[in-house]
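Worksheet: the structure to be examined is printed underneath.
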Amino acid sequence: MSTDPGHGPDPAFEPPEDDLTVIRVDQYFPHPPAKVWRALTEPDLLVQWQMQGVEAFRLEVGHRYTMTSVPRPNTDFSGTVEAEVLAYAPERMLSVRWRDVSPANSADWTVTWSLEQEGRGTRLFLVHEGFDPDDPAQLMARKIMGGGWRTHVMRSLGHALERMDHPRTSQE
26 MSTDPGHGPD PAFEPPEDDL TVIRVDQYFP HPPAKVWRAL TEPDLLVQWQ MQGVEAFRLE
86 VGHRYTMTSV PRPNTDFSGT VEAEVLAYAP ERMLSVRWRD VSPANSADWT VTWSLEQEGR
146 GTRLFLVHEG FDPDDPAQLM ARKIMGGGWR THVMRSLGHA LERMDHPRTS QE
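The numbering of the sequence shown is our numbering, which starts it at 26 and goes up by one.
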């Protein structure tokens, strides 16, 4: 969903309520694709808006790294995600596999970011797929993560993009 007035979401990208296997987010940022790409792929910028451990990210197909967050027992989330870079096209697309380290959690997700220039800004599409609609814990995870992607994560990414224009000084 887009939260920028005047830059509405792509109607074809709105999340169909009946597709319980995927989360789709459509967000406009008033920054060029090259800048958004940097925030998605440079570890010193990723740490400002993603999970802990993302500083080990490298833009290299096959690269694996681990991220941590707060465990959520109601979704069987252990708090630790093994990630692997699956594919990328500079300034256009990044696809990463996410798996919970816990054998109790069968989640095996793909998170794909796609960037499209829109005017002077960027339309960023997120597709988080692979949820099992027959697993109540994964349905709960989809609900929680869908809200998190649309609110907290996109807002944090937006703040990281703004800070790129106004880096902190050592006196702040």
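Backbone N, C-alpha and C fix where the C-beta goes; we use that ideal spot for every residue, glycine too.
As the structure is a prediction and not an experimental result, all values here were calculated from the model.
Nearest-angstrom Cβ-Cβ length linking residue i and residue j, presumed shorter than 8 Å
| i | j | result |
| --- | --- | --- |
| residue 117 | residue 149 | About 11 Å separates the two Cβ atoms, so there is no contact after all. |
| residue 71 | residue 82 | 6 Å |
Same chain, Cβ closer than 8 Å to residue i, neighbours up to 5 away in sequence not counted
| i | result |
| --- | --- |
| residue 186 | 54, 56, 60, 61, 64 |
| residue 99 | 162, 165 |
Cβ neighbours of residue i in the same chain (closer than 6 Å, five flanking residues each side left out)
| i | result |
| --- | --- |
| residue 73 | 185 |
| residue 122 | 109, 111, 135 |
| residue 80 | 68, 72 |
For residue i, the first and last residue of its enclosing alpha helix (DSSP H)
| i | result |
| --- | --- |
| residue 61 | 58 to 66 |
| residue 6 | Residue coverage of the chain in this structure runs from 26 to 197, which leaves residue 6 outside it and unanswerable. |
| residue 112 | Per DSSP, residue 112 belongs to no alpha helix (DSSP H); it is in the beta strand (DSSP E), 105 to 114. |
| residue 190 | 179 to 190 |
Residue i to residue j span [Cα, whole Å]
| i | j | result |
| --- | --- | --- |
| residue 85 | residue 168 | 30 Å |
| residue 103 | residue 52 | 28 Å |
| residue 97 | residue 180 | 22 Å |
| residue 175 | residue 137 | 15 Å |
| residue 125 | residue 107 | 6 Å |
| residue 173 | residue 131 | 21 Å |
| residue 158 | residue 146 | 35 Å |
| residue 66 | residue 144 | 22 Å |
| residue 47 | residue 160 | 14 Å |
| residue 95 | residue 43 | 28 Å |
Own chain residues within Cβ distance below 7 Å of residue i, not counting five before or after
| i | result |
| --- | --- |
| residue 78 | 90, 91, 92, 93 |
| residue 183 | 54 |
| residue 178 | 74 |
| residue 58 | 116, 140, 142, 147 |
Span of the beta strand (DSSP E), counted from its first residue to its last, around residue i
| i | result |
| --- | --- |
| residue 89 | 89 to 93 |
| residue 148 | 146 to 154 |
| residue 125 | 118 to 125 |
| residue 133 | 133 to 143 |
inquiry  = Using 8 Å as the cut-off, can you tell me whether the region 149 to 158 makes contact with the region 76 to 96, which would need three or more C-beta pairs spanning the two stretches below that distance?
reply    = With fewer than three CB-CB distances shorter than 8 Å, the region 149 to 158 does not count as touching the region 76 to 96.
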